[in-house]
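In the working numbering, the protein residues as written are -7 to 418. Right, one structure below, let's go through it.
Structure, rendered in structure tokens:
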């Protein structure tokens, strides 16, 4: 009955259109009232949920990504990717995927990736003879790997939701191989389409121009080197690397590229603060919701339910994948990470799955949800940027869904994909 009151009130509030963050807080209040817990204890959990040093990484990485997204970085990364792969048949679709890989490793955001890369490449791909819905599908699917590769904001959220038992640095390292695997698989699919549909070849860029393009792009790519190099060398922590990323992105944008106006900075800061405010409210209310769930022993009950379904870890992992895929289509990623991680952590520990690997499994699952209707935020952004209807975009995405599902299966059932690099370098 306790679980029905808490989860039922949360679902009911979501169905009537209440924002997820407030639905979490209000349902936590209802749950506290039901089990007779003082509301003051709930407020302490809300304050404690956001009073964590590691959370500073989120606003810093969001700000760094925003500065680079609006400061000309995406255009230079697109040009750099064009130097590398733009000359082959279907090369512009490969450029799209590769540019998303580069930009995702700097911004850590699928939405920013889709908006910045898509605004440059979707019109250009259409001009070169690619169907606009195909260009949009490539952009949307390519942005999913930004959720895996460092500096992923969602890895920070997962570390927080896991109670700090999983380090952010381990999650950053764990996302590198799955992210590159996803990009490689999508590029292979684009090559198959290019040959089958006879998409155009690009032109080989002259050496002098190519060197200039590479030189400009290197300034931005150095952000990735600074973040990973600093963490691996022990010079600074993952949280401190976020602050360094802001300083570097500001320096490159305002003093090297100089495409961004100083007068636009206050507006950028305002947009970033609004975004972060929403995230912090969500984190605080999710902490209180998780507190009530723990008191009601919901995680242990769900663990028992999964373990009674089967004693085979592969079957349980498949059931968890199906659940995450379905939930990812109807709720946003951040609240699902904060809600489901404390619930599922005892389950995956009980079947012997490493929490770092499970973090990657969860991110891939929910990343697919971000590009799937009816509530796929990245899908909506991509359709808006590409000026293509949701229906046409989803139809063009069908083969890309299949490739992403294959990557999900590989990440789920081949632990080394997620664990090899963290074990090697940390």
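Cβ atoms here follow ideal geometry from the backbone N, Cα and C, with glycine treated the same way. A quick note: this is a predicted structure, and the numbers were derived from the prediction, not measured.
Among the options, which has the Cα closest to the Cα of residue i?
{"i": "residue 363", "options": "394, 180 and 401", "result": "394"}
{"i": "residue 41", "options": "278, 236 and 332", "result": "278"}
{"i": "residue 387", "options": "125, 33 and 348", "result": "125"}
{"i": "residue 396", "options": "132, 156 and 122", "result": "132"}
{"i": "residue 318", "options": "366, 330 and 326", "result": "366"}
{"i": "residue 107", "options": "373, 174 and 10", "result": "373"}
{"i": "residue 134", "options": "148, 143, 176 and 300", "result": "176"}
{"i": "residue 287", "options": "327, 182, 20 and 220", "result": "20"}
{"i": "residue 96", "options": "8, 206, 415 and 172", "result": "172"}
{"i": "residue 145", "options": "359, 398, 401 and 248", "result": "359"}
{"i": "residue 271", "options": "49, 93 and 236", "result": "49"}
{"i": "residue 235", "options": "340, 324 and 46", "result": "46"}
{"i": "residue 38", "options": "-5, 155 and 282", "result": "282"}
{"i": "residue 248", "options": "-6, 0, 64 and 280", "result": "64"}
{"i": "residue 252", "options": "157, 231, 67 and 118", "result": "67"}
{"i": "residue 382", "options": "413, 392 and 368", "result": "368"}
{"i": "residue 197", "options": "75, 128 and 273", "result": "75"}
{"i": "residue 422", "options": "92, 269, 139 and 400", "result": "This structure leaves residue 422 out entirely; the chain is present only between -7 and 418."}
{"i": "residue 237", "options": "218, 223, 228 and 224", "result": "218"}
{"i": "residue 119", "options": "308, 85 and 229", "result": "85"}
{"i": "residue 414", "options": "70, 7, 170 and 325", "result": "170"}
{"i": "residue 323", "options": "299, 127, 357 and 229", "result": "357"}
{"i": "residue 220", "options": "92, 187, 167 and 155", "result": "167"}
{"i": "residue 155", "options": "31, 258 and 44", "result": "44"}
{"i": "residue 327", "options": "122, 129, 361 and 34", "result": "361"}
{"i": "residue 392", "options": "10, 180, 147 and 341", "result": "180"}
{"i": "residue 123", "options": "164, 153, 94 and 182", "result": "182"}
For residue i, count the other beta carbons within 10 Å of its own beta carbon; 16 or more makes it buried, fewer makes it exposed. Which is it?
{"i": "residue 28", "result": "exposed"}
{"i": "residue 261", "result": "exposed"}
{"i": "residue 88", "result": "buried"}
{"i": "residue 302", "result": "exposed"}
{"i": "residue 201", "result": "exposed"}
{"i": "residue 150", "result": "buried"}
{"i": "residue 417", "result": "exposed"}
{"i": "residue 240", "result": "buried"}
{"i": "residue 105", "result": "buried"}
{"i": "residue 208", "result": "buried"}
{"i": "residue 137", "result": "buried"}
{"i": "residue 61", "result": "buried"}
{"i": "residue 226", "result": "exposed"}
{"i": "residue 189", "result": "exposed"}
{"i": "residue 72", "result": "buried"}
{"i": "residue 385", "result": "buried"}
{"i": "residue 349", "result": "buried"}
{"i": "residue 405", "result": "exposed"}
{"i": "residue 306", "result": "exposed"}
{"i": "residue 2", "result": "buried"}
{"i": "residue 233", "result": "buried"}
{"i": "residue 390", "result": "exposed"}
{"i": "residue 408", "result": "exposed"}
{"i": "residue 380", "result": "buried"}
{"i": "residue 35", "result": "exposed"}
Alpha helix (DSSP H) containing residue i: first to last residue?
{"i": "residue 245", "result": "Run containing residue 245: none; DSSP gives neither H nor E here."}
{"i": "residue 413", "result": "408 to 417"}
{"i": "residue 28", "result": "Premise fails: residue 28 is in no alpha helix (DSSP H) and is neither H nor E."}
{"i": "residue 332", "result": "325 to 342"}
{"i": "residue 252", "result": "Taken as a continuous stretch (DSSP letters only), residue 252 belongs to no alpha helix (DSSP H), as it is neither H nor E."}
{"i": "residue 154", "result": "From DSSP, residue 154 is part of no alpha helix (DSSP H); its letter is neither H nor E."}
{"i": "residue 0", "result": "-6 to 7"}
{"i": "residue 316", "result": "305 to 320"}
Does the ligand GTP have even one heavy atom less than 8 Å from the beta-carbon of residue i?
{"i": "residue 223", "result": "The ligand GTP is not part of this structure, which contains no ligands at all."}
Original post:
What runs of the alpha helix (DSSP H), each 4 residues or longer, lie entirely inside the stretch 162 to 204?
Top reply: 168 to 189
**OP:** Specify whether the stretch 322 to 339 and the stretch 280 to 292 touch according to this definition: at least 3 beta carbon pairs, one from each stretch, less than 8 Å apart.
**Re:** yes
**OP:** Counting only runs of 4+ residues fully inside the stretch 348 to 396, write out the alpha helix (DSSP H) ranges in chain order.
**Re:** 369 to 378
**OP:** Could you name each continuous alpha helix (DSSP H) segment of 4 residues or more that falls completely within the stretch 38 to 124, going from the start of the chain to the end?
**Re:** 49 to 62, 65 to 77, 83 to 99 and 102 to 119
Original post:
So, do the stretch 96 to 113 and the stretch 51 to 62 have three or more beta carbon pairs nearer to each other than 8 Å?
Top reply: yes
Subject >> Three or more C-beta pairs below 8 Å linking the stretch 352 to 362 and the stretch 309 to 325 >> reply: yes
**OP:** Mind the definition here: the stretch 207 to 216 touches the stretch 241 to 249 only if three or more C-beta pairs lie below 8 Å; say whether that holds.
**Re:** yes
Original post:
Does the stretch 190 to 198 come within contact of the stretch 71 to 81, defined as at least 3 CB pairs closer than 8 Å?
Top reply: yes
**OP:** Would you check if there are 3 or more beta carbon pairs closer than 8 Å linking the stretch 108 to 118 to the stretch 5 to 14?
**Re:** no
**OP:** Starting from the N-terminal side, write out each stretch of the alpha helix (DSSP H) that is 4 residues or longer and does not extend beyond the stretch 257 to 303.
**Re:** 257 to 287 and 290 to 301
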